[in-house]
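In what follows, a structure is listed as C-alpha cells, so that the remarks can point back to it.
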Amino acid sequence: MALNSFLRNSLTISRKLRYFPRVLSTGQPAQPALNRKEVEVTFVKANGERIKAKGKVGESLLDVVVNNNVDLDGYGACEGTLTCSTCHLILKREDYDGLPDKPTDEEMDMLDLAYELTETSRLGCQIILSEKLNGLEVTVPATINDARS
C-alpha cells in the first residue's frame, strides 16, 4: 500500500515538474510556455461532434481539454495522476504508431480498466504534444470508467 502511495505521489510530482523550465539533453533551456508553438487537436465525440482545440507543445492532451474547457463529461477525473482511465482516447493507427513514447506498464494497467479498449487506445494524460502532432484527431469513447471507484 505504501509503495502504491509513493508511486502515485511520484507521478503527480513528475507531472507538475514538466511545467517548470528545464534543461534538455542539449544543455539548452526549454522554451518558456509563452513561446511554445501551438498545436491543433480535434476531439471526436461518440455522437460525431467534432471539437477543435489548441494546446502548446509540451502539454498533454488532458491539459488541452482542461485549458480549453472542452465539454467531455468526467474526462480526466484524477487530473493526470494515472489512476482513473477517464482520459481514454482512441487514435488512428498511423498516429498511434507515430507517437514517440510507447505506453508504460502503468498506463497499460489503467487502459485494461477502460471501456471500449482498442489496440490504439491511449490515455490523454500520457500523450505529450509535439509539432508533429499538429492536426491530430482522436476519438473519445462513448462511455468512461473511473477506475478509482
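In this text, residue positions in the sequence shown follow UniProt numbering: the first is 1, and each later residue adds one.
Heads up, the beta-carbon is just placed ideally off N, CA and C, and yes, glycines get one too.
Spatial neighbours of residue i in its chain, beta-carbon cut-off 8 Å, leaving aside the 5 residues before and after
| i | result |
| --- | --- |
| Lys54 | Glu38, Val39, Glu40, Val41, Val64 and Asn68 |
| Ser25 | The predicted position of Ser25 is uncertain, since its pLDDT is 34 and thus under 50; no value can be drawn from it. |
Nonlocal neighbours in the same chain, by C-beta distance under 7 Å from residue i, ignoring five residues either side
| i | result |
| --- | --- |
| Arg36 | Lys56, Val57 and Gly58 |
| Asn134 | Val39 and Glu40 |
| Gly27 | Low confidence applies to Gly27: its pLDDT is 39, below 50, so where it sits in the model is not reliable, and the reading given next is rough at best. So no residue of the chain qualifies. |
Exposed unless 16 or more other CB atoms sit within 10 angstroms - verdict on residue i
| i | result |
| --- | --- |
| Ala114 | buried |
| Glu94 | exposed |
| Arg122 | buried |
| Ser149 | exposed |
| Gly98 | exposed |
Proximity below 8 Å, CB of residue i to CB of residue j
| i | j | result |
| --- | --- | --- |
| Gln126 | Pro100 | no |
| Val66 | Gly74 | no |
| Cys84 | Asp146 | yes |
| Glu106 | Val44 | no |
Own chain, CB closer than 6 Å to residue i, minus 5 neighbours either side, in chain order
| i | result |
| --- | --- |
| Glu116 | Pro141 |
Helix, strand or coil at residue i [DSSP, three-state]
| i | result |
| --- | --- |
| Gly48 | coil |
| Phe20 | Here Phe20 scores only 38 on pLDDT, less than 50, and its place in the model should not be relied on; the value that follows carries that caveat. It is coil, neither helix nor strand. |
| Val39 | strand |
| Lys132 | helix |
Cβ of residue i within 8 Å of any chain C Cβ
| i | result |
| --- | --- |
| Leu62 | Given the protein chain composition of this structure (a single chain), no chain C is represented. |
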